[in-house]
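Let me begin by presenting the structure, written as structure tokens, before commenting on it.
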């Protein structure tokens, strides 16, 4: 019998072509609560990051592996998976460079007012060059504070060094290789108070949820720019709205939000000093192909009861 694979969303051809005829696929949206197919599922490929808790797992008594397309697994109850003998895989390191590139893309877009400038340049109001408008923030020679000096944060630091930026960072503890990245370990309070740019590249955990709240935003410079390539839940969106509306900080750039997407009438979407992207951190052709291969490799290994190439638990 073919292995039964549950998908939370339809897969693009670039992933489907990595499978062969040994697999039969079922869409999550097609399964009612009492559908007998739940009990046939051997593996679950999470493509769109759906919440996967113990109740979901218990519907699938044959489940051997959950293979996640992406690094963050905050949507998966890994403790529950471990208790049930279910392997969980993800795609670490494959997207570090692309995500660091996106961090800088958003940093530069916010600092140099690219989005506002693009809209103006396309409008009927742009009739002559005016050197007095749309002045941005200098990037080279400024200070960047990186919250989360993991593999992505280190790639951000390498790019910041190329811009002659002073680099400070905060982790739960100092990285002993920080001098390799020209970075200095500081407290969170010092980072927030001294950085021209604050880049969030940390995972979403109990300790980082809501880390950037009203208190944190008020510690930042009024000229500072916040960039979030972590998870939406790291930032208190109500506090960010107040910060951007009342001049606590100059601007922000978000690749992620909570919820995702934001409601179409959300007040943040109306602000000119916010740049927002639809979760494009790893969205390059090469990186997404590599992630697809790793996701399928992890799934196949789990089905064979073999160690996953990239195992979370």
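Numbering (my numbering), first residue to last: 3 to 315.
The beta-carbon is built from N, C-alpha and C at its ideal position, and this holds for glycine as well.
- Message: Considering just the uninterrupted stretch of the beta strand (DSSP E) at residue 26, what are its terminal residues?
- Response: 25-29
- Task: Since I believe residue 110 is in contact with residue 141 (beta carbons under 8 Å), could you give me their beta-carbon distance rounded to a whole number of angstroms?
- Result: 6 Å
- Query: CB residue 202 to CB residue 169, shorter than 8 Å?
  - Reply: no
- If you draw a straight line from the alpha carbon of residue 240 to that of residue 6, how long is it in whole angstroms? 42 Å
- Task: Compute the distance between the beta-carbons of residue 17 and residue 253, then report whether it is under 8 Å.
- Result: no
- So which of 51, 4 and 19 has the shortest CA-CA distance to residue 28? 4
- Below 7 Å CB to CB, which residues in the same chain sit around residue 220 once its five sequence neighbours on both sides are set aside? 250
- Query: Just the Cα atoms here: how many angstroms apart are residue 85 and residue 245?
  - Reply: 42 Å
- What did DSSP end up calling residue 228 once you bin it into helix, strand or coil? strand
- Task: Could you round the C-beta distance between residue 71 and residue 46 to whole angstroms and report it? I think they count as a contact, below 8 Å.
- Result: Not a contact, Cβ separation roughly 11 Å.
- Between the CA atoms of residue 165 and residue 192 - distance to the nearest angstrom: 22 Å
- In chain order, what residues of the same chain lie with their CB nearer than 7 Å to the CB of residue 156, ignoring the 5 residues before and after it? 183
- When burial is assigned at 16 or more other CB atoms within 10 Å of the CB, is residue 106 buried or exposed? buried
- Note down, in chain order, each residue of its chain lying with its Cβ closer than 6 Å to the Cβ of residue 55, except the 5 sequence neighbours on either side. 79
- Message: Taking only three categories from DSSP, how would you classify residue 122?
- Response: helix
- Query: Short check: CB of residue 214 to CB of residue 236, under 8 Å?
  - Reply: yes
- Message: I'd like the list of long-range same chain contacts for residue 21, defined as Cβ closer than 7 Å, with 5 residues on each side in sequence excluded.
- Response: 298
- Message: When you measure from the CB of residue 311 to every non-hydrogen atom of the ligand GTP, does any distance come out below 7 Å?
- Response: Judged by which ligands are present, the structure shown has none, so any question about the ligand GTP falls away.
- Task: Would you tell me roughly how many angstroms separate the C-alpha atoms of residue 94 and residue 286, rounded to the nearest one?
- Result: 15 Å
- Separation of residue 284 from residue 100, as counted between CA atoms: 5 Å
- Task: Compare the beta carbon distance of residue 162 and residue 146 with 8 Å and say whether it is the shorter of the two.
- Result: yes
- Item | Extent of the continuous beta strand (DSSP E) run through residue 276 | 276-278
- Query: Between the Cα of residue 289 and the Cα atoms of 90, 175, 98 and 256, which residue gives the shortest distance?
  - Reply: 98
- Message: Please return the same chain residues whose Cβ sits closer than 6 Å to the Cβ of residue 114, not counting the five positions on each side in sequence.
- Response: 138
- Go ahead and pull the three-state DSSP assignment for residue 183. helix
- Task: Starting from the C-beta of residue 312, find all residues in its chain whose C-beta is less than 7 Å away, skip the five residues before and the five after it, and write them out in chain order.
- Result: 91, 92, 93, 94, 296 and 300
- Message: Measuring straight from C-alpha to C-alpha, what distance separates residue 10 and residue 309?
- Response: 24 Å
- Message: Closest to residue 196 by C-alpha separation, out of 222, 204, 185 and 205, would be which residue?
- Response: 222
- residue 307 classed as buried or exposed, judged by whether at least 16 other C-beta atoms fall within 10 angstroms: exposed
- Going straight from the alpha carbon of residue 134 to that of residue 123, what length do you get? 15 Å
- Query: Relative to the C-alpha of residue 63, which residue among 41, 37, 234 and 51 is closest?
  - Reply: 41
- DSSP three-state assignment for residue 254, whether helix, strand or coil: strand
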